[in-house]
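*Asks:* In order, the protein sequences belong to chains A and B. In this text, residue positions in the first sequence follow the working numbering: the first is 104, and each later residue adds one. In this text, residue positions in the second sequence follow the working numbering: the first is 104, and each later residue adds one.
There are 2 protein chains.
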Amino acid sequence: MFDFKYYTPTKVIFGKGAEAKTAELIKEFGGSRVLVHYGTGSVIRTGLLKKVTDILDNAGIFYVTLGGAVPNPRLGLVYEGIDLCRREGVDFILAVGGGSAIDSAKAIGYGAANDGDVWDFYENKRKPSGSLPIGVILTIAATGSEMIDSSVITKEDGLLKRGCNSDYCRPKFAIMNPELTMTLPDYQTACGCADIMMHTMERYFTCGGNMEITDSVAEGLLRTVMKNAKILVKEPKNYNARAEVMWAGSLSHNGLTGCGSDGGDWTPHKMEHEIGGLFDVAHGAGLAAVWGSWARYVYKDCLPRFKRFAVNVMGVENKGSDEEIALKGIEAMEAFYREINMPTNLRELGVDATDEQLSEMAKKCAQGVGGETGSAKRLKEADMLAIYKACR
Amino acid sequence: MFDFKYYTPTKVIFGKGAEAKTAELIKEFGGSRVLVHYGTGSVIRTGLLKKVTDILDNAGIFYVTLGGAVPNPRLGLVYEGIDLCRREGVDFILAVGGGSAIDSAKAIGYGAANDGDVWDFYENKRKPSGSLPIGVILTIAATGSEMIDSSVITKEDGLLKRGCNSDYCRPKFAIMNPELTMTLPDYQTACGCADIMMHTMERYFTCGGNMEITDSVAEGLLRTVMKNAKILVKEPKNYNARAEVMWAGSLSHNGLTGCGSDGGDWTPHKMEHEIGGLFDVAHGAGLAAVWGSWARYVYKDCLPRFKRFAVNVMGVENKGSDEEIALKGIEAMEAFYREINMPTNLRELGVDATDEQLSEMAKKCAQGVGGETGSAKRLKEADMLAIYKACR
Numbered sequence: 104m105f106d107f108k109y110y111t112p113t114k115v116i117f118g119k120g121a122e123a124k125t126a127e128l129i130k131e132f133g134g135s136r137v138l139v140h141y142g143t144g145s146v147i148r149t150g151l152l153k154k155v156t157d158i159l160d161n162a163g164i165f166y167v168t169l170g171g172a173v174p175n176p177r178l179g180l181v182y183e184g185i186d187l188c189r190r191e192g193v194d195f196i197l198a199v200g201g202g203s204a205i206d207s208a209k210a211i212g213y214g215a216a217n218d219g220d221v222w223d224f225y226e227n228k229r230k231p232s233g234s235l236p237i238g239v240i241l242t243i244a245a246t247g248s249e250m251i252d253s254s255v256i257t258k259e260d261g262l263l264k265r266g267c268n269s270d271y272c273r274p275k276f277a278i279m280n281p282e283l284t285m286t287l288p289d290y291q292t293a294c295g296c297a298d299i300m301m302h303t304m305e306r307y308f309t310c311g312g313n314m315e316i317t318d319s320v321a322e323g324l325l326r327t328v329m330k331n332a333k334i335l336v337k338e339p340k341n342y343n344a345r346a347e348v349m350w351a352g353s354l355s356h357n358g359l360t361g362c363g364s365d366g367g368d369w370t371p372h373k374m375e376h377e378i379g380g381l382f383d384v385a386h387g388a389g390l391a392a393v394w395g396s397w398a399r400y401v402y403k404d405c406l407p408r409f410k411r412f413a414v415n416v417m418g419v420e421n422k423g424s425d426e427e428i429a430l431k432g433i434e435a436m437e438a439f440y441r442e443i444n445m446p447t448n449l450r451e452l453g454v455d456a457t458d459e460q461l462s463e464m465a466k467k468c469a470q471g472v473g474g475e476t477g478s479a480k481r482l483k484e485a486d487m488l489a490i491y492k493a494c495r
Numbered sequence: 104m105f106d107f108k109y110y111t112p113t114k115v116i117f118g119k120g121a122e123a124k125t126a127e128l129i130k131e132f133g134g135s136r137v138l139v140h141y142g143t144g145s146v147i148r149t150g151l152l153k154k155v156t157d158i159l160d161n162a163g164i165f166y167v168t169l170g171g172a173v174p175n176p177r178l179g180l181v182y183e184g185i186d187l188c189r190r191e192g193v194d195f196i197l198a199v200g201g202g203s204a205i206d207s208a209k210a211i212g213y214g215a216a217n218d219g220d221v222w223d224f225y226e227n228k229r230k231p232s233g234s235l236p237i238g239v240i241l242t243i244a245a246t247g248s249e250m251i252d253s254s255v256i257t258k259e260d261g262l263l264k265r266g267c268n269s270d271y272c273r274p275k276f277a278i279m280n281p282e283l284t285m286t287l288p289d290y291q292t293a294c295g296c297a298d299i300m301m302h303t304m305e306r307y308f309t310c311g312g313n314m315e316i317t318d319s320v321a322e323g324l325l326r327t328v329m330k331n332a333k334i335l336v337k338e339p340k341n342y343n344a345r346a347e348v349m350w351a352g353s354l355s356h357n358g359l360t361g362c363g364s365d366g367g368d369w370t371p372h373k374m375e376h377e378i379g380g381l382f383d384v385a386h387g388a389g390l391a392a393v394w395g396s397w398a399r400y401v402y403k404d405c406l407p408r409f410k411r412f413a414v415n416v417m418g419v420e421n422k423g424s425d426e427e428i429a430l431k432g433i434e435a436m437e438a439f440y441r442e443i444n445m446p447t448n449l450r451e452l453g454v455d456a457t458d459e460q461l462s463e464m465a466k467k468c469a470q471g472v473g474g475e476t477g478s479a480k481r482l483k484e485a486d487m488l489a490i491y492k493a494c495r
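1. Could you tell me whether the Cβ of residue 320 of chain B comes closer than 7 Å to any Cβ of chain A?
2. First and last residue of the alpha helix (DSSP H) that includes residue 185 of chain A?
3. For the segment 113-146 of chain A, which segments carrying the alpha helix (DSSP H) assignment without a break, of at least 4 residues, lie completely within its bounds, in sequence order?
4. Using a threshold of 7 Å, state whether the C-beta atoms of residue 105 of chain B and residue 117 of chain A are closer than that.
5. With 7 Å as the threshold, decide whether the Cβ of residue 112 of chain B is near any Cβ in chain A.
6. If we ignore side chains and look at the alpha-carbon of each, how far apart do residue 407 of chain B and residue 326 of chain A end up?
7. Check whether the Cβ atoms of residue 169 of chain A and residue 184 of chain A sit closer than 7 Å, and answer yes or no.
8. Residues in its own chain within less than 7 Å of residue 333 of chain B by CB, not counting five upstream and five downstream?
9. Taking CB distances under 7 Å as the criterion, tell me whether residue 425 of chain A reaches chain B.
10. For residue 344 of chain B, which residues from the same chain have a beta carbon less than 6 Å from its beta carbon, with the 5 sequence-adjacent residues on both sides left out?
11. Note down, in chain order, every chain B residue with its Cβ under 7 Å from the Cβ of residue 118 of chain A.
12. Starting from residue 258 of chain B and walking both ways along the beta strand (DSSP E), at which residues does that stretch end?
13. Contact check, residue 355 of chain A vs residue 390 of chain A under 8 Å by CB: the rounded distance?
14. Which one of B:385, B:427 and B:430 has the shortest CA to CA distance from residue 446 of chain B?
15. Could you give the distance in angstroms between the alpha-carbon of residue 502 of chain B and the alpha-carbon of residue 309 of chain A?
16. Please determine, among A:233, A:197 and A:225, the residue with the shortest C-alpha to C-alpha distance to residue 167 of chain A.
17. Determine whether the beta carbon atoms of residue 436 of chain A and residue 363 of chain A lie at a separation below 7 Å.
18. Could you pull the start and end residues of the beta strand (DSSP E) that residue 495 of chain A belongs to?
19. Whole angstroms are fine: how far does the CA of residue 412 of chain B sit from the CA of residue 322 of chain B?
20. Residues of the segment 357-369 of chain A in Cβ contact with chain B at a cutoff of 9 Å, in chain order, please.
21. Residue 422 of chain B lies in the alpha helix (DSSP H); which residues open and close that run?
22. Report, in whole angstroms, the separation of the C-beta atoms of residue 242 of chain B and residue 199 of chain B, which I expect to be a contact under 8 Å.
23. Between the C-alpha atoms of residue 419 of chain B and residue 277 of chain B, what's the straight-line distance to the nearest angstrom?
24. If you reduce the DSSP assignment to three classes, tell me which class residue 195 of chain A lands in.
25. Express the C-alpha separation of residue 138 of chain B and residue 282 of chain A in angstroms, rounding to a whole number.
26. Is it buried or exposed, residue 232 of chain B, if we count other Cβ atoms within 10 angstroms and call 16 or more buried?
27. Taking 7 Å as the CB-CB cut-off, is residue 277 of chain A touching chain B?
28. Take residue 347 of chain B and list the residues in its own chain whose beta-carbon comes closer than 6 Å to its own, dropping the five residues that flank it on each side.
29. Just how far apart, CA to CA, sit residue 257 of chain A and residue 468 of chain A?
30. Which parts of the segment 339-374 of chain B are runs of the beta strand (DSSP E), unbroken and 3 residues or longer, counting only runs that do not cross its ends?
31. Which runs of the beta strand (DSSP E) at least 3 residues long sit entirely within the segment 271-299 of chain A? Give them in chain order.
32. Among B:370, B:178, B:121 and B:240, which one has its Cα closest to the Cα of residue 220 of chain B?
33. Three-state secondary structure (DSSP) at residue 161 of chain B?
34. For residue 316 of chain A and chain B, any beta-carbon pair shorter than 7 Å?
35. Going along chain B in order, which residues have a C-beta closer than 8 Å to the C-beta of residue 347 of chain A?
36. Check whether the Cβ atoms of residue 370 of chain A and residue 482 of chain A sit closer than 7 Å, and answer yes or no.
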């Protein structure tokens with residue numbers, strides 16, 4: 104096992120009507136002039152935004168609003184948010200929405216608290232020295248952005264999708280009311296479940312440094328999400344299932360499921376980032392589409408973990424050769440994806456990519472990771488291209 | 104399931120040689136004049152204290168020291184610490200040790216940052232409005248005090264053992280080097296494992312509000328501690344086993360294993376507090392001594408949970424009546440206690456209590472909880488006395 108740091112300072116308020124605590128929490132963390140940042144409509148349609156601004160009005164908290172955060176949130180809106188924060192003397196950002204609004208809010212927070220071009224942080228040219236404090240009202244269980252130290256932004260010019268990690272951007276609080284996720288389209292709910300599971304799977308499939316306690320937490324989390332994702336296909340308004348998935352979303356990506364490991368593999372995420380950058384697909388669906396081909400490409404190099412996954416998570420009988428068991432685990436995972444209406448290849452994802460596009464994606468992905476990446480198996484550009492082709 | 108708050112802001116630095124980061128972490132959290140607080144000798148004998156003060160010297164950080172924290176830490180030393188902090192303008196407390204030093208440090212932190220008698224907070228007469236920031240170098244995996252919001256102090260006059268909970272006292276950082284726990288006597292190691300497991304079991308045995316993800320985390324944690332506690336009986340220097348137990352100790356008591364529950368039962372802890380207050384036994388051993396009798400007294404009122412525990416944690420075959428399965432689980436737990444040389448009754452604990460003493464303990468326990476307590480089954484003074492008698 105490896106040494107590790109575990110740091111999850113976000114105060115989570117979880118349950119029905121939790122958004123009623125918004126003003127109190129903003130004040131607790133020193134906010135007095137707030138930017139309310141959100142997406143492209145759902146929080147308006149459901150009335151949540153009105154409810155939140157009413158709460159701020161009633162508490163006498165000054166605020167300005169900025170909507171428009173889209174999936175794979177864009178740098179242009181981030182610049183707009185930074186200008187708005189400076190102009191209005193904003194000292195706290197409240198993100199209302201899912202990963203897009205939160206990641207966008209984090210980038211705005213960096214930009215408003217640091218001089219120079221915020222994109223520098225995403226290109227790893229400089230490191231941020233702080234951020235405006237951020238609070239979250241979560242409406243989509245998926246990215247785990249409500250507790251994690253990362254944000255991912257897409258630069259329109261070249262559709263470059265890049266991430267920045269630092270503890271400064273970990274939200275001060277996260278309000279999680281499972282009821283707020285009930286209005287999500289079924290497809291988005293399933294995408295969220297796929298994303299949540301992948302955050303743990305990325306940490307699980309490694310060739311170095313595992314802890315028994317981390318593995319047992321990870322396996323329990325994966326089984327829980329699978330069980331409840333299947334319930335939500337049939338009963339999208341099931342509160343308990345929504346709650347299980349929502350809390351799993353935070354635990355899956357706040358570091359808990361990686362303690363003691365070598366940091367994880369993360370190739371599926373990195374390969375999906377390039378699909379998302381070029382085709383603007385839903386992140387979770389993109390992950391599901393690429394995972395099976397990645398797994399078949401690498402499993403022989405990480406056999407003990409794929410076997411353990413098959414038995415402990417997918418319920419495969421511990422019979423036959425390790426390779427047979429591992430492959431049955433991969434097949435069972437793909438069967439689960441189909442059961443919750445997730446794609447298992449690019450075609451099912453709705454992406455009709457040319458050879459040139461696949462080559463471009465592999466090239467950009469390899470560049471983005473400095474040549475090679477992965478823990479289950481180290482992969483270079485040629486490997487990535489082979490996987491993209493296998494999942495076409 | 105119930106609504107919940109989850110707040111674990113402690114920055115954990117886990118691994119070999121982690122104490123080297125002490126000065127850096129103190130500075131990160133604003134400390135410049137430090138009280139180094141520790142116990143009664145082991146950190147001196149092992150050279151850890153010298154190592155830590157050398158680190159502070161080399162970093163140019165001013166400090167004063169105060170040793171003497173004992174198991175069931177005493178109020179007198181807390182007062183002494185508060186005076187010392189005020190006299191020396193201390194702005195940060197570094198606890199070096201286990202739960203005793205940490206709980207004592209938390210009480211000193213409250214006292215130094217608030218006017219009036221610090222014992223008021225432990226008698227629930229007033230609430231603290233802040234605390235000096237606290238950092239921890241952990242040397243015993245047991246109480247979970249390194250991440251939790253509680254501290255327990257014993258007042259010499261009447262041997263009253265009372266707790267105070269508030270987020271103010273959650274440590275800013277916790278340095279966890281499993282190697283530092285290797286010099287512990289075997290008995291203390293086993294006591295720690297019993298205590299760690301009980302923190303999760305207290306949250307697990309409830310008659311209201313459970314989450315599947317919380318249960319799966321809890322069950323995985325309990326299995327992990329059992330497995331590694333047995334390894335440590337034979338191989339006390341096994342680094343991986345030390346690390347599994349140490350990290351489980353924090354996760355077991357930082358709130359994670361109680362998310363969505365009704366808050367837990369906590370009767371075994373409360374009943375042990377009275378044993379500890381009167382006889383000064385090791386906390387973990389006291390818990391083990393009382394648990395079986397408590398479990399047999401309450402299991403019929405919380406049968407689904409005791410059955411689930413038997414099957415998912417203790418590996419009891421799911422065959423026979425629910426009561427039979429539940430009882431087999433309790434027996435298996437007691438067999439485990441014996442395997443790691445923990446007591447399963449007061450006699451094995453070394454406590455020869457008179458009827459009068461048992462009555463006094465039951466009376467004080469019932470008073471301390473305002474008459475009755477428990478979730479698996481509500482218990483009053485007469486029930487507590489019956490359990491004390493059953494475990495004599």
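Where is the CB? At the ideal position from N, CA and C, for every residue including glycine.
*Replies:* Inspection of the coordinates gives the following:
1. By 1-based counting over the second sequence, the position of residue 320 of chain B is 217. Residue 320 of chain B counts as touching chain A.
2. Within the first sequence, residue 185 of chain A is the residue found at index 82, counting from 1. Where residue 185 of chain A is concerned, the enclosing alpha helix (DSSP H) stretches over 178-191.
3. 125-131
4. Within the second sequence, the letter at position 2 stands for residue 105 of chain B. Within the first sequence, the letter at position 14 stands for residue 117 of chain A. Not closer than 7 Å, so no.
5. Counting from 1 along the second sequence, the entry for residue 112 of chain B is found at position 9. Chain A contact via Cβ: present.
6. Stepping through the second sequence from its first residue, residue 407 of chain B is reached at position 304. Stepping through the first sequence from its first residue, residue 326 of chain A is reached at position 223. Distance between the alpha carbons of residue 407 of chain B and residue 326 of chain A: 20 Å.
7. Locating residue 169 of chain A in the first sequence gives position 66, counting from the first residue. Locating residue 184 of chain A in the first sequence gives position 81, counting from the first residue. Yes, these two residues count as a Cβ contact at 7 Å.
8. Your numbering for residue 333 of chain B matches position 230 in the second sequence. If we look at residue 333 of chain B and ignore the five residues flanking it on each side, its Cβ neighbours are 442 and 443.
9. Stepping through the first sequence from its first residue, residue 425 of chain A is reached at position 322. False, the Cβ-Cβ gap to chain B never drops below 7 Å.
10. Translated into the one-based positions of the second sequence, residue 344 of chain B becomes position 241. Closer than 6 Å at the Cβ level, and outside the excluded window around residue 344 of chain B, lie 331, 334 and 335.
11. Along the first sequence, read from residue 1 onward, the residue named residue 118 of chain A stands at position 15. Per Cβ cutoff of 7 Å: 106 and 107.
12. For the purposes of this step, residue 258 of chain B is taken as residue 155 along the second sequence, with counting starting at 1. Taken as a continuous stretch (DSSP letters only), the beta strand (DSSP E) holding residue 258 of chain B covers 253-258.
13. Stepping through the first sequence from its first residue, residue 355 of chain A is reached at position 252. Stepping through the first sequence from its first residue, residue 390 of chain A is reached at position 287. Not quite, the Cβ-Cβ distance comes to about 13 Å (not below 8 Å), so this is no contact.
14. Here the question's residue 446 of chain B lines up with position 343 in the second sequence. Ranking B:385, B:427 and B:430 by Cα distance to residue 446 of chain B puts B:385 first.
15. The requested residue 502 of chain B does not occur in the structure, where chain B is confined to residues 104 to 495.
16. By 1-based counting over the first sequence, the position of residue 167 of chain A is 64. Answer by Cα proximity: A:197.
17. For the purposes of this step, residue 436 of chain A is taken as residue 333 along the first sequence, with counting starting at 1. For the purposes of this step, residue 363 of chain A is taken as residue 260 along the first sequence, with counting starting at 1. The answer is no: Cβ separation not under 7 Å.
18. Numbered from 1 along the first sequence, position 392 holds the residue referred to as residue 495 of chain A. Here residue 495 of chain A belongs to no beta strand (DSSP E), and DSSP marks it neither H nor E.
19. As a first step, residue 322 of chain B must be located in the second sequence, where it is residue number 219. As a first step, residue 412 of chain B must be located in the second sequence, where it is residue number 309. Computed Cα separation, rounded: 8 Å.
20. 359, 362 and 363
21. Counted from its first residue, the second sequence places residue 422 of chain B at position 319. Per DSSP, residue 422 of chain B belongs to no alpha helix (DSSP H) and is neither H nor E.
22. Your numbering for residue 242 of chain B matches position 139 in the second sequence. Your numbering for residue 199 of chain B matches position 96 in the second sequence. Residue 242 of chain B to residue 199 of chain B, Cβ: 7 Å. Contact.
23. Residue 419 of chain B sits at position 316 when you count from the first residue of the second sequence. Residue 277 of chain B sits at position 174 when you count from the first residue of the second sequence. Rounded to whole angstroms, residue 419 of chain B to residue 277 of chain B spans 37 Å at the Cα level.
24. Position 92 of the first sequence, counted from the start, is the residue given in the question as residue 195 of chain A. Strand at residue 195 of chain A.
25. By one-based count along the first sequence, residue 282 of chain A stands at place 179. By one-based count along the second sequence, residue 138 of chain B stands at place 35. For residue 282 of chain A and residue 138 of chain B, the distance between alpha carbons rounds to 47 Å.
26. Taking the first residue of the second sequence as 1, we reach residue 232 of chain B at position 129. Exposed, by the Cβ-count rule.
27. The count along the first sequence starts at 1 and reaches residue 277 of chain A at position 174. No - not a single Cβ of chain B is within 7 Å of the one on residue 277 of chain A.
28. Here residue 347 of chain B is taken as the residue at index 244 of the second sequence, counted from 1. Excluding sequence neighbours, residue 347 of chain B sits near 327 and 331.
29. Here the question's residue 257 of chain A lines up with position 154 in the first sequence. Here the question's residue 468 of chain A lines up with position 365 in the first sequence. Looking at the two C-alpha atoms, the distance is approximately 14 Å.
30. none
31. 276-279
32. Residue numbering aside, residue 220 of chain B sits at position 117 when the second sequence is read from its first letter. The shortest C-alpha separation from residue 220 of chain B is found at B:178.
33. Mapped onto the second sequence, residue 161 of chain B falls at position 58. In the structure shown, residue 161 of chain B sits in a helix (DSSP, three-state: H, G or I).
34. The count along the first sequence starts at 1 and reaches residue 316 of chain A at position 213. For residue 316 of chain A, the answer is yes, since a Cβ of chain B falls inside 7 Å of its Cβ.
35. Translated into positions along the first sequence, residue 347 of chain A becomes position 244. 314, 315 and 316, listed in chain order.
36. Translated into positions along the first sequence, residue 370 of chain A becomes position 267. Translated into positions along the first sequence, residue 482 of chain A becomes position 379. Taking 7 Å as the Cβ cut-off, residue 370 of chain A and residue 482 of chain A qualify as a contacting pair.
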